[in-house]
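Heads up, my numbering is the position in the sequence shown plus 1, with the first residue counted as 1.
Ideal Cβ placement from N, Cα and C applies to all residues, glycine included.
Every value quoted in this text rests on a predicted model; they were computed, and no experiment measured them.
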Amino acid sequence: MSVVEKPSTVTRRVGRGLGGFARKWLLFVIAVVLWEIATQLSQSVFFPPPSKIAAAAAKLWFSGPASQLFLGDPVFDHILPSLGRVLGGWLLAVAIGVALGTALGRSRTGMDYVGPLFAFFRAIPPPALVPVFIILFGIGPGMQTATIIFGSLWPVLLNTVDGVRSVDKVKVETARAFRTPKRYWIGLVVLPSALPKIFAGLRLSLSIALILMAISELVGALNGIGYALLAAQRSYDFDQMWAWIVLLGILGYGFNAALLGIERRVLGWQPGRN
């Protein structure tokens with residue numbers, strides 16, 4: 002009997018999966034079609050249709066020799082350096098934010114002292130500090146990384162503090178009943194309980210890191226996606242300019258999807274996460 006039912010179960014799951022995929026992307030496809038129609042009708046050089054943008058993107062990034070896996074030079078000259086900056090700066094912000102947030106969340110009075118200072122620095126838009134970072138680190142990767150770290154630190158830090166402070170009392174009492182050693186307290190009790198809020202901060206901070214990467218590369222950079230975008234705009238190559246803009250959207254979606262996948266895997270033990 003089970004042998005007969007199993008194919009139908011698989012078929013239903015596949016059907017639900019395809020239906021969910023279609024619903025998820027239907028609006029996106031409609032938006033692209035409308036974009037194509039509107040831009041074809043307007044014939045504006047400033048707003049090329051998606052078909053032209055796709056052709057420009059293919060020429061930019063997938064017209065290289067076989068020795069480069071058919072990847073164009075802009076992939077190595079601009080995309081990879083930008084990915085290194087955004088991920089490197091974000092990972093440093095995560096390390097600082099989780100470590101400092103855990104310490105402050107466990108402290109009874111820590112946030113009373115540093116809370117006003119954090120509120121002051123949080124209110125400063127990171128792009129406004131780009132001239133300061135240029136003075137401190139010079140024009141180049143140091144300034145860009147500092148801008149990314151400063152802007153993406155706060156969601157991780159404050160969400161970690163909130164998560165650490167809201168550990169379930171039942172879990173705390175259970176850990177005490179089992180006489181969990183103090184050296185394992187953070188790893189076995191505090192951080193697992195705080196992970197949902199930490200991941201919420203991670204997703205927000207990664208989006209901010211991508212935005213700040215592009216902004217910092219618009220000022221005094223010698224390569225990167227932001228630099229290439231500005232160069233295309235200054236040379237009036239609007240097809241390439243929009244190709245770089247679309248790439249930023251694709252990267253943002255990809256980063257968020259990857260982080261959501263990691264979150265589901267890491268927090269799979271929680272009810273309702275599977």
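{"Query": "Residue closest to ASP240, alpha-carbon to alpha-carbon, out of PRO49, ALA229 and GLN44", "Result": "PRO49"}
{"Query": "Of the listed residues VAL99, SER208 and ALA120, nearest to PRO193 (C-alpha basis)", "Result": "VAL99"}
{"Query": "Straight-line gap, LEU260 to THR110 (C-alpha atoms, nearest Å)", "Result": "32 Å"}
{"Query": "Exposure label - TYR237; buried when at least 16 CB within 10 Å", "Result": "exposed"}
{"Query": "THR161 - containing alpha helix (DSSP H), residue span", "Result": "142 to 166"}
{"Query": "Minimum C-alpha distance to VAL168 - residue among GLY202, ALA67 and ILE187", "Result": "ILE187"}
{"Query": "Alpha-carbon to alpha-carbon, GLU37 and LEU27", "Result": "15 Å"}
{"Query": "Supposed close pair PRO82, ASN224 - CB separation, criterion 8 Å", "Result": "5 Å"}
{"Query": "Residue interval of the alpha helix (DSSP H) (run including ALA55)", "Result": "51 to 62"}
{"Query": "Straight-line Cα distance separating GLY106 from ILE251", "Result": "35 Å"}
{"Query": "Pair within 9 Å by beta-carbon distance, LEU207 and ASN257", "Result": "yes"}
{"Query": "Sequence-distant residues of its chain with Cβ nearer than 8 Å to LYS170 (five each side left out)", "Result": "none"}
{"Query": "VAL220 versus TYR185: straight-line alpha-carbon distance, rounded", "Result": "46 Å"}
{"Query": "Collapsed DSSP secondary structure at LEU42 in the structure displayed", "Result": "helix"}
{"Query": "Backbone CA spacing between TRP243 and ASP74 [nearest angstrom]", "Result": "18 Å"}
{"Query": "For ALA222, the three-state DSSP class (helix, strand or coil)", "Result": "coil"}
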